[in-house]
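Colleague: My structure is below; once you've seen it, I'll send some questions.
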Amino acid sequence: MKSAELDKLARRHGISLTRPSPDNREVAISGETKRKILSALKIDVPGAADHETGAPRREPAPAAKKVARSFLPDFLSGTRVWGVSLQLYELRSARNWGIGDLEDLSEMADLAGSLGADFIGLTPLHAPFLADPDRCSPYEPSSRQHLNPLYIAVDRLPGFACSPELERQLASLRQTDLVDYAGVAEIKLRVLRDLWPVWRQRSLIDEAYDPADFDAFVVQGGNSLRLHALFECLSFSMVERGAGAGWQRWPADFQRFDSAAVAEFERGHVDDVGFHMWLQWLAHRQLMQAADRARTAGMRIGLYLDLAVGEAVDGSATWSEPDTYLAKATIGSPPDPFAVNGQDWHLAGYLPSAIAAGEMSPFRRMVSAAMRYAGAIRIDHAAALRRLFLVPSGSRPDGGAYVRYPADRLLQILAEVSGEHRCLVIGEDLGLIPKGLQDDLAAAHILSYRILSYEQDEQGFKPADVYPVLALACISTHDHQTLAGWWRGADIQARYDHGIVPPDLTEKHLEDRKRERRNLKTALKAAGLNLPARLANEQTLRALTVSAYRFIARTPSLLVAVRLADLTDEKRPTNVPGTSDSYPNWKPKLTVLLEDLLWSPLLKSVTAAMREERPKE
Numbered sequence: 000m001k002s003a004e005l006d007k008l009a010r011r012h013g014i015s016l017t018r019p020s021p022d023n024r025e026v027a028i029s030g031e032t033k034r035k036i037l038s039a040l041k042i043d044v045p046g047a048a049d050h051e052t053g054a055p056r057r058e059p060a061p062a063a064k065k066v067a068r069s070f071l072p073d074f075l076s077g078t079r080v081w082g083v084s085l086q087l088y089e090l091r092s093a094r095n096w097g098i099g100d101l102e103d104l105s106e107m108a109d110l111a112g113s114l115g116a117d118f119i120g121l122t123p124l125h126a127p128f129l130a131d132p133d134r135c136s137p138y139e140p141s142s143r144q145h146l147n148p149l150y151i152a153v154d155r156l157p158g159f160a161c162s163p164e165l166e167r168q169l170a171s172l173r174q175t176d177l178v179d180y181a182g183v184a185e186i187k188l189r190v191l192r193d194l195w196p197v198w199r200q201r202s203l204i205d206e207a208y209d210p211a212d213f214d215a216f217v218v219q220g221g222n223s224l225r226l227h228a229l230f231e232c233l234s235f236s237m238v239e240r241g242a243g244a245g246w247q248r249w250p251a252d253f254q255r256f257d258s259a260a261v262a263e264f265e266r267g268h269v270d271d272v273g274f275h276m277w278l279q280w281l282a283h284r285q286l287m288q289a290a291d292r293a294r295t296a297g298m299r300i301g302l303y304l305d306l307a308v309g310e311a312v313d314g315s316a317t318w319s320e321p322d323t324y325l326a327k328a329t330i331g332s333p334p335d336p337f338a339v340n341g342q343d344w345h346l347a348g349y350l351p352s353a354i355a356a357g358e359m360s361p362f363r364r365m366v367s368a369a370m371r372y373a374g375a376i377r378i379d380h381a382a383a384l385r386r387l388f389l390v391p392s393g394s395r396p397d398g399g400a401y402v403r404y405p406a407d408r409l410l411q412i413l414a415e416v417s418g419e420h421r422c423l424v425i426g427e428d429l430g431l432i433p434k435g436l437q438d439d440l441a442a443a444h445i446l447s448y449r450i451l452s453y454e455q456d457e458q459g460f461k462p463a464d465v466y467p468v469l470a471l472a473c474i475s476t477h478d479h480q481t482l483a484g485w486w487r488g489a490d491i492q493a494r495y496d497h498g499i500v501p502p503d504l505t506e507k508h509l510e511d512r513k514r515e516r517r518n519l520k521t522a523l524k525a526a527g528l529n530l531p532a533r534l535a536n537e538q539t540l541r542a543l544t545v546s547a548y549r550f551i552a553r554t555p556s557l558l559v560a561v562r563l564a565d566l567t568d569e570k571r572p573t574n575v576p577g578t579s580d581s582y583p584n585w586k587p588k589l590t591v592l593l594e595d596l597l598w599s600p601l602l603k604s605v606t607a608a609m610r611e612e613r614p615k616e
């Protein structure tokens, strides 16, 4: 195929012919990249010159667009609100099993509601690899349409009875500073296995766990639920055989859900499949209970759930729906000044041609799965609504390309589903985003995501009053140090310690941080917020944290998220981006028990400031 024909075919299928470089130039992608991306999109290159199947439709010109607007609660037209953000697994309590669970979430809802909060923001609760619990990143799930059974509060189930030996094991799991995912999974699944046959015989009657509701849940879940449960059974079986939890390492005749070998396996494991569907139902019931508790506690938004941008390449989702996902390419990011070689996130993404196809499209099912529990959802990497940077298998990230997605249709689906569930939408619009995306999201009533340390320009930190109204403002997220840690430069030191940034660049970043600290003090003082003369010890940094939260509370942004880790003054970060084995990402617990949170000086001071700056009306 001639170069001009290849370019025409690439454009027809939404492939951008250039990508950005670290020095902000547009670099032409190679012919090899075009062919590999076309193959990933399942386009037959030699004979596809006039073949439109799989091509995303060209979006209409802006003048022809009819803006689809997502749901916004009426009460937000006259007030601004705040809530608490956290990782569910990080919660410590005197009763949980070494990992924060859905009963802890209900207790947290009671606490936060009593303090005046209107929502609790969570990192994704998506289904992980139960057979490989240490694959614990919530942003690389096995499936975004199903839940994490490790969050089930087993002690709240009918028929559960604790033994002295079990309590000894649980006490040991509670005492660890890092979540022992393997230990938690072993104990929870063992106890749940024991409860399953008793419950299945319907000998335990409990209004909250009605067998008829389980039967209806299974019917409603359909093939998606059945195949996810079947995948879990196979995953455990393959781990026992030494093949691994992910399907790409399984024998070939098990790598497709519709093979004869899989059908035979399912016939021999009917009860096991039922057990894993039951786990999904238990998680569903307890998450619904937590959502109800949040509303009862006075939260007008309630739970705010997060959607990962993709799924594990070898998980339940890609195994169950292979025709829905990209082949031979993963989601990543092009080269930029902070990652000069680009990034490969090793995540599977939907095919542009499949993501919005059909009445119950994959995208609709995914957002519906979260919105059924939530008053708000956050879309991680909201740029994916318009485009994704795809890295072909076997290529480096600088050999990838941007591919267009059907943005208008995705925004329409978000509007329809958010209206159906009365759920507002937040778009994480950070990093490399397409020109005009933020304006399009605002027109669609999707809230922007504004982090204090990112809101800077040549003059320093932006004043509070220039933040957009349609936004969620926050100090930091799971990918950042606490504000006190940022002030100390702990994030810069961590990047150096883990070999992410070389020494010369680290020195520059430390110099930049000195300037940023001065600029932050200037911005806070300009806003009329008092600060100690020197910010050098724990007490003065607490004062800084309170003033910074007052600052973002004064923005016109509709939502403000208060990070729980800030309130407990955590020294260990949740996640160090760019690390895998050198730091225990997604494992650190909070240093304060849930039962003791009200005694935290920072929690008292910051939540009091929130109530003063954003009183309930």
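If you're matching positions, the sequence shown starts at 0 in numbering that gives the first Met the number 0 and goes up one per residue.
Note that CB positions come from ideal geometry on N, CA and C, so glycine has one too.
Quantities reported herein were computed from a predicted structural model and do not represent experimental measurements.
Only counting the same chain, and skipping five residues up and downstream in sequence, which positions put a Cβ closer than 6 Å to that of residue 554?
Modeller: Here residue 554 refers to the residue found at position 555 of the sequence shown. Hits under 6 Å: 463, 466 and 472.
Colleague: Sorted by chain position, which residues of the same chain lie with C-beta nearer than 7 Å to residue 90's C-beta, five sequence neighbours on each side aside?
Modeller: Position 91 of the sequence shown, counted from the first residue, corresponds to residue 90. Closer than 7 Å at Cβ, skipping near neighbours: 99, 103, 107, 589 and 593.
Colleague: Within 10 angstroms of its Cβ, does residue 59 collect 16 or more other Cβ (buried), or is it exposed?
Modeller: Residue 59 sits at position 60 when you count from the first residue of the sequence shown. Interpretation of residue 59 is limited by its pLDDT of 43, a score under 50 that renders its predicted location unreliable; no figure is taken from the coordinates.
Colleague: Looking only at its chain, what residues have a beta carbon closer than 7 Å to the beta carbon of residue 317, apart from the 5 residues adjacent to it on each side?
Modeller: Here residue 317 refers to the residue found at position 318 when the sequence shown is read from its first residue. Excluding residues within five positions, the ones whose Cβ falls inside 7 Å are 310, 324 and 347.
Colleague: Given this structure, state the Cα-to-Cα distance separating residue 53 from residue 368, to the nearest angstrom.
Modeller: The residue labelled residue 53 in the question sits at position 54 within the sequence shown. The residue labelled residue 368 in the question sits at position 369 within the sequence shown. In this prediction, residue 53 has a pLDDT of 41, which is less than 50 and means its spatial position is unreliable; what the coordinates show is noted afterwards. Those two C-alpha atoms are separated by around 25 Å.
Colleague: Let me confirm a value: residue 39 is counted as buried when at least 16 other C-beta atoms fall within 10 Å, else exposed. Which label applies?
Modeller: Numbered from 1 along the sequence shown, position 40 holds the residue referred to as residue 39. Classification of residue 39: buried, given that the 10 Å Cβ count is 16 or more.
Colleague: The ligand PLP and residue 236: does the residue's C-beta get closer than 7 Å to at least one heavy atom of that ligand?
Modeller: Inclusion of the ligand PLP in the displayed structure is not the case, the ligand content being empty and no account of it being possible.
Colleague: Would you list the one or two residues that DSSP bridges to residue 148?
Modeller: Looking up residue 148 in the sequence shown gives position 149. Answer by DSSP bridge pairing: none, since residue 148 is not bridged.
Colleague: Could you check if residue 584 is buried or exposed, using at least 16 other CB atoms within 10 Å of its CB as the buried criterion?
Modeller: Looking up residue 584 in the sequence shown gives position 585. Result: buried.
Colleague: With three or more C-beta pairs closer than 8 Å as the rule, is the stretch 180-192 touching the stretch 147-157?
Modeller: Enough Cβ pairs lie closer than 8 Å, so yes.
Colleague: Give the secondary structure of residue 329 by DSSP, where H, G and I count as helix, E and B as strand, and everything else as coil.
Modeller: In the sequence shown, the residue the question calls residue 329 occupies position 330. In this structure, residue 329 counts as strand in the three-state DSSP scheme.
Colleague: Go to residue 378, then tell me how far its alpha helix (DSSP H) extends in each direction, as first and last residue.
Modeller: Position 379 of the sequence shown holds residue 378. Element bounds for residue 378: not the alpha helix (DSSP H) but the beta strand (DSSP E), 375-378.
Colleague: For the beta strand (DSSP E) holding residue 367, just list the boundary residues, first then last.
Modeller: On the sequence shown, residue 367 is found 368 positions in, with the first residue counted as 1. Unbroken run through residue 367 is the alpha helix (DSSP H), 361-370; no beta strand (DSSP E).
Colleague: What span of residues does the alpha helix (DSSP H) with residue 531 cover, start to end?
Modeller: Within the sequence shown, residue 531 is the residue found at index 532, counting from 1. It is not in any alpha helix (DSSP H) - residue 531 carries neither H nor E in the DSSP assignment.
Colleague: Threshold first: 3 residues or longer. Then list the beta strand (DSSP E) segments lying entirely within the stretch 118-173, N to C.
Modeller: Runs found: 118-121 and 142-146.
Colleague: Among the candidates 410, 450 and 370, whose CA atom is the shortest distance from the CA of residue 441?
Modeller: For the purposes of this step, residue 441 is identified with residue 442 of the sequence shown, where counting begins at 1. The residue with the shortest Cα to Cα distance from residue 441 is 410.
Colleague: What's the C-alpha gap between residue 491 and residue 478?
Modeller: Translated into the one-based positions of the sequence shown, residue 491 becomes position 492. Translated into the one-based positions of the sequence shown, residue 478 becomes position 479. Approximately 13 Å, taken between the alpha carbons.
Colleague: Using the Cβ count rule (16 or more neighbours within 10 Å means buried), how would you classify residue 222?
Modeller: To locate residue 222, count along the sequence shown from 1; it is residue 223. Result: exposed.
Colleague: Cβ of residue 333 within 8 Å of Cβ of residue 396?
Modeller: If you number the sequence shown from 1, residue 333 lands on position 334. If you number the sequence shown from 1, residue 396 lands on position 397. Yes, Cβ-Cβ distance for residue 333 and residue 396 is below 8 Å.
Colleague: Could you tell me which of 514, 445, 498 and 470 sits nearest to residue 457, measuring between CA atoms?
Modeller: Here residue 457 refers to the residue found at position 458 when the sequence shown is read from its first residue. Closest option to residue 457, Cα to Cα, is 514.
Colleague: Any idea if residue 359 is buried or exposed, counting beta-carbon neighbours within 10 angstroms, 16 or more meaning buried?
Modeller: Along the sequence shown, read from residue 1 onward, the residue named residue 359 stands at position 360. Burial call: exposed.
Colleague: Please name the residue in 540, 377, 537 and 454 whose C-alpha comes closest to that of residue 84.
Modeller: Position 85 of the sequence shown, counted from the first residue, corresponds to residue 84. Checked all of 540, 377, 537 and 454; the closest Cα to residue 84 is 377.
Colleague: With a threshold of 6 Å on Cβ separation, who are the neighbours of residue 129 within its own chain once the five nearest residues in sequence on each side are excluded?
Modeller: Sequence index remark: in the sequence shown, residue 129 carries index 130 (1-based). Excluding positions up to five away in sequence, the list reads 231.
Colleague: Considering residue 2, what are the terminal residues of the alpha helix (DSSP H) in which it resides?
Modeller: By 1-based counting over the sequence shown, the position of residue 2 is 3. Element bounds for residue 2: 2-11.
Colleague: Hey, is the stretch 182-194 in contact with the stretch 120-137, meaning 3+ C-beta pairs nearer than 8 Å?
Modeller: With the cut-off at 8 Å, the stretch 182-194 and the stretch 120-137 touch.
Colleague: Assign residue 342 to one of three DSSP states: helix, strand, or coil.
Modeller: In the sequence shown, the residue the question calls residue 342 occupies position 343. Correct three-state label for residue 342: strand.
Colleague: Could you tell me the boundaries of the alpha helix (DSSP H) in which residue 314 lies?
Modeller: Residue numbering aside, residue 314 sits at position 315 when the sequence shown is read from its first letter. Unbroken run through residue 314: none, as it is neither H nor E.
Colleague: What are the boundary residues of the beta strand (DSSP E) that residue 354 is part of?
Modeller: Taking the first residue of the sequence shown as 1, we reach residue 354 at position 355. Segment: none, residue 354 is in no beta strand (DSSP E) and carries neither H nor E.
Colleague: Taking 8 Å as the threshold, find out whether the stretch 565-577 comes into contact with the stretch 482-500 through three or more Cβ pairs.
Modeller: With the cut-off at 8 Å, the stretch 565-577 and the stretch 482-500 touch.
Colleague: The alpha helix (DSSP H) that contains residue 600, what's its start and end?
Modeller: The sequence position of residue 600 within the sequence shown is 601, counting from 1. Segment 600-612, the alpha helix (DSSP H) holding residue 600.
Colleague: Quick one: any contact between the stretch 338-346 and the stretch 254-262, if contact means 3 or more CB pairs under 8 Å?
Modeller: Result no; under three Cβ-Cβ pairs closer than 8 Å.
Colleague: Look at the alpha carbon of residue 47 and the alpha carbon of residue 34, and state the distance between them as a whole number of angstroms.
Modeller: For the purposes of this step, residue 47 is identified with residue 48 of the sequence shown, where counting begins at 1. For the purposes of this step, residue 34 is identified with residue 35 of the sequence shown, where counting begins at 1. Because residue 47 carries a pLDDT of 42, less than 50, the predicted location of this residue cannot be relied on, and no value is offered for it.
Colleague: Between the alpha carbons of residue 66 and residue 402, how many angstroms are there, rounded?
Modeller: The residue given as residue 66 occupies position 67 in the sequence shown. The residue given as residue 402 occupies position 403 in the sequence shown. C-alpha separation (whole angstroms): 23 Å.
Colleague: In chain order, what are the residue ranges of uninterrupted alpha helix (DSSP H) at least 4 long that sit wholly in the stretch 511-593?
Modeller: Fully enclosed alpha helix (DSSP H) runs of 4 or longer: 537-552 and 563-566.
Colleague: Measuring CB to CB, does residue 487 end up less than 8 Å from residue 306?
Modeller: Here the question's residue 487 lines up with position 488 in the sequence shown. Here the question's residue 306 lines up with position 307 in the sequence shown. Contact flag unset, no.
Colleague: From residue 327 to residue 41, what distance separates their C-alpha atoms?
Modeller: In the sequence shown, residue 327 corresponds to position 328, counting from 1. In the sequence shown, residue 41 corresponds to position 42, counting from 1. Distance between the alpha carbons of residue 327 and residue 41 is about 9 Å.
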